[in-house]
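>
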Amino acid sequence: MPAFSYRSILVIAAFAACLFFFGSSCKRSGKVAAVAEQQVADTIADDLTRLNQLVNASPSDTKPYMERARYFAGKGQENEALADINRALSIDGNNPEVYAALSDVYMYSGKMQRALDALKKAKELAPGAGVYDVKMARLYLTMSDYKQTFNALREGLRKDPDNAEAFFISGLANEEMGDTLKAIDSYQMAVDKNQNYYDALKQLGILMAERKNKLAVDYLRNAARVRPGVPDPLYVLGMYYQENGEPDKALSVYEEILIIDGNYKLAYYNKGYVHLVYKEEYAEAVSAFSRAIEIDGEYTDAYYNRGFAYELMGDLAGARKDYERVLRMKVNDDKAIEGLNRLDALKQ
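Quick note, the sequence shown lines up with residues 1 to 348 if you use UniProt numbering.
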């Protein structure tokens, strides 16, 4: 059966399902999840140990306290974070950076007005520094107050015309407001100011990929160059090739991702999809979907598409098993029900 005639039956590969701007939140299960969770716990412990050592080594320096405060805030430990900020203020109560760190602590806690007040204090202490206007713009953006976002950006750029982050935040605001052309212009300005601005490069790559513009390749490759250990821009690049008739290039990029992170389930899933839909290589599709399932035992889309690959191979028992597994995890799933109905019709 040719790919174009059955694509509507499939669960399609989701574009950038676990990445976008703030990183991945893909679920892992079973033994892999236990290992991943332990690695995260070890990393957290290592980070805190390092921060404690920095504080102990320089007890009269505000920077280690600010860094540890941000760490605690990110873990939801507001009291510990504020204690470190207070220690930093006792060392230097006129340091605007300490108030910027205090703003971050309040922002993590969702106390936006207090976060704004802390940034206003930082601006009072350093009226000529545009960086605090830019931080304020980012805070207004989290509140979806676009008017104040752009007001703060204008003030920040008046003081510091080369602030790449200001242009990046402008891009985010314009993108949220639905003006992708202005967003692209702003991201490009950010890259003009800083050619290694990862987030701007990645956002440009995503927007260009959505527009099927070949510039997506350059932006995404550059983003991957800046952060070679992060698979997200490569995932978008693989999707770009996949959706623009270059399945072999897509497969090659997914292999690159798996060298970086052998448990990146979306790379295995999309490999399976490419083999199934674009190349009609059903055994290879089964193998790739199976690896995705090993990583996430509740990956219903992978179970369904593996079942469909089995169906096309003539392994109806394997197909039935996967369709039934989908229905146990996701009751009344339309595609799984349709799959079982197709198999039942073949018996008649």
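Each residue gets a CB set at the ideal place from its N, CA and C atoms; glycine is no exception. Predicted, not measured: the structure shown is a model, and the values here were computed from it.
Could you please give the first and the last residue of the uninterrupted alpha helix (DSSP H) stretch that includes Y65?
For the purposes of this step, residue 65 is taken as residue 65 along the sequence shown, with counting starting at 1. Residues 62-74.
> Give the range of the alpha helix (DSSP H) segment to which M107 is assigned.
As a working note, residue 107 is residue 107 in the sequence shown. From DSSP, the alpha helix (DSSP H) with M107 extends over 96-108.
> Looking at P64 and L48, is the spacing between their C-beta atoms short of 8 Å?
For this step, residue 48 is matched to residue 48 along the sequence shown. For this step, residue 64 is matched to residue 64 along the sequence shown. Cβ distance not < 8 Å, so L48 and P64 don't count as in contact.
> Report the three-state DSSP secondary structure of A88 (helix, strand or coil).
Within the sequence shown, the letter at position 88 stands for residue 88. In the structure shown, A88 sits in a helix (DSSP, three-state: H, G or I).
> Taking only three categories from DSSP, how would you classify V331?
Position 331 of the sequence shown, counted from the first residue, corresponds to residue 331. In the structure shown, V331 sits in coil (DSSP, three-state: anything other than H, G, I, E or B).
> Using 8 Å for Cβ pairs, my map puts K271 next to Y299. What's the rounded Cβ distance?
Working through the sequence shown from its first residue, we reach residue 271 at position 271. Working through the sequence shown from its first residue, we reach residue 299 at position 299. Not quite, the Cβ-Cβ distance comes to about 14 Å (not below 8 Å), so this is no contact.
> Look up P247 in the DSSP assignment and say whether it is helix, strand or coil.
In the sequence shown, the residue the question calls residue 247 occupies position 247. P247: helix per DSSP, three-state reduction.
> Do G171 and Y197 come within 8 Å of each other at the CB atom, strictly closer than that value?
Taking the sequence shown and counting its residues from 1, the one referred to as residue 197 is at position 197. Taking the sequence shown and counting its residues from 1, the one referred to as residue 171 is at position 171. No, the pair does not count as a contact, with Cβ atoms beyond the cut-off.
> In three-state terms, what does DSSP make of M177?
On the sequence shown, residue 177 is found 177 positions in, with the first residue counted as 1. Three-state DSSP puts M177 in coil, outside helix and strand.
> Which value, in whole angstroms, describes the spacing of the CA atoms of L215 and G205?
Working through the sequence shown from its first residue, we reach residue 215 at position 215. Working through the sequence shown from its first residue, we reach residue 205 at position 205. The straight-line gap from Cα to Cα measures roughly 7 Å.
> Need the endpoints of the alpha helix (DSSP H) that D133 sits in, please.
Counting from 1 along the sequence shown, the entry for residue 133 is found at position 133. Counting along the chain, the alpha helix (DSSP H) containing D133 begins and ends at 130-142.
> Whole angstroms is fine: what's the gap from E67's alpha carbon to D179's?
As a first step, residue 67 is located in the sequence shown; it is residue number 67 there, counting from the start. As a first step, residue 179 is located in the sequence shown; it is residue number 179 there, counting from the start. Taking the straight line joining both Cα atoms gives about 36 Å.
> Candidates I85, L220, G156: which alpha carbon is nearest V131's?
Counting from one through the sequence shown, the residue named residue 131 turns up at place 131. For the residues I85, L220, G156, the minimum Cα distance to V131 belongs to G156.
> Touching or not, the segment 143-150 and the segment 158-165, by the rule of three or more beta carbon pairs under 8 Å?
Not touching, per the Cβ criterion.
> Alpha carbon to alpha carbon, how far is Y268 from L343? Give it in angstroms, no decimals.
For the purposes of this step, residue 343 is taken as the residue at position 343 of the sequence shown. For the purposes of this step, residue 268 is taken as the residue at position 268 of the sequence shown. Distance between the alpha carbons of L343 and Y268: 26 Å.
> Can you find the residues in the same chain that come closer than 6 Å, C-beta to C-beta, to A81, ignoring five residues on each side of it along the sequence?
What you label residue 81 is simply residue 81 of the sequence shown in a count that begins at 1. A69, F72, A73, V105.
> So, helix, strand or coil for N263, using DSSP?
For the purposes of this step, residue 263 is taken as residue 263 along the sequence shown, with counting starting at 1. Residue state, collapsed to three classes: coil.
> Is A309 closer than 8 Å to A285 when the C-beta atoms are compared?
The count along the sequence shown starts at 1 and reaches residue 285 at position 285. The count along the sequence shown starts at 1 and reaches residue 309 at position 309. Yes, Cβ-Cβ distance for A285 and A309 is below 8 Å.
> On a CA-only basis, which of L141, M177, L181 is nearest A166? Give me that one, please.
Counted from its first residue, the sequence shown places residue 166 at position 166. Residue L141 is the option with its Cα nearest to A166.
> Can you give the Cα-Cα distance for K202 and Y108, rounded to whole angstroms?
Counting from one through the sequence shown, the residue named residue 202 turns up at place 202. Counting from one through the sequence shown, the residue named residue 108 turns up at place 108. Taking the straight line from one Cα to the other gives about 24 Å.
> Taking C-alpha atoms, which residue in G314, E210, D334 lies nearest to Y323?
For this step, residue 323 is matched to residue 323 along the sequence shown. Ranking the options by Cα distance to Y323, first place goes to D334.
> With a threshold of 8 Å on Cβ separation, who are the neighbours of L51 within its own chain once the five nearest residues in sequence on each side are excluded?
Counting from one through the sequence shown, the residue named residue 51 turns up at place 51. Same-chain partners within the cutoff: P64, E67, R68, Y71.
> CA-CA distance, G76 and D84?
Numbered from its first residue, the sequence shown carries residue 76 at position 76. Numbered from its first residue, the sequence shown carries residue 84 at position 84. Distance between the alpha carbons of G76 and D84: 14 Å.
> Suppose contacts are defined by Cβ-Cβ distances below 8 Å. Is L119 in contact with M136 by that definition?
As a working note, residue 119 is residue 119 in the sequence shown. As a working note, residue 136 is residue 136 in the sequence shown. Yes. Within cutoff.
> For the alpha helix (DSSP H) holding G93, just list the boundary residues, first then last.
Counting from 1 along the sequence shown, the entry for residue 93 is found at position 93. First-last for G93: undefined, no H or E at that position.
> Could you compute how far the alpha carbon of E175 sits from the alpha carbon of G318?
Within the sequence shown, the letter at position 175 stands for residue 175. Within the sequence shown, the letter at position 318 stands for residue 318. Rounded to whole angstroms, E175 to G318 spans 45 Å at the Cα level.
> Taking all protein chains shown into account, do 16 or more other C-beta atoms lie within 10 angstroms of the C-beta of E311, making it buried, or fewer, making it exposed?
By 1-based counting over the sequence shown, the position of residue 311 is 311. Looking at its Cβ environment, which holds 16 or more other Cβ atoms inside 10 Å, E311 is buried.
> Apart from the five residues on each side of it in sequence, which residues of its chain come closer than 6 Å, Cβ to Cβ, to L340?
The residue labelled residue 340 in the question sits at position 340 within the sequence shown. Cβ neighbours of L340 beyond the five flanking positions: Y323.
> Taking only the alpha-carbon atoms, compute the straight-line gap between L327 and Q242 and give it to the nearest angstrom.
As a first step, residue 327 is located in the sequence shown; it is residue number 327 there, counting from the start. As a first step, residue 242 is located in the sequence shown; it is residue number 242 there, counting from the start. Using only the alpha carbons, I get a separation of about 29 Å.
> Whole angstroms is fine: what's the gap from residue 374's alpha carbon to D192's?
Residue numbering for the chain in the displayed model covers 1 to 348; residue 374 lies beyond these limits and cannot be assessed.
> What's the gap between the Cα of N305 and the Cα of P247?
As a working note, residue 305 is residue 305 in the sequence shown. As a working note, residue 247 is residue 247 in the sequence shown. Going by the C-alpha atoms only, they are around 17 Å apart.
> Distance check for L237 and Y99, CA to CA, integer angstroms please.
The residue you call residue 99 lines up with position 99 of the sequence shown. The residue you call residue 237 lines up with position 237 of the sequence shown. Roughly 40 Å between the two C-alpha positions.
> Once DSSP output is grouped into helix, strand and coil, what is the label at A302?
By one-based count along the sequence shown, residue 302 stands at place 302. Helix at A302.
> Under a three-way DSSP split, which group does E324 fall into?
Against the sequence shown, residue 324 aligns to sequence position 324. Helix, per DSSP.
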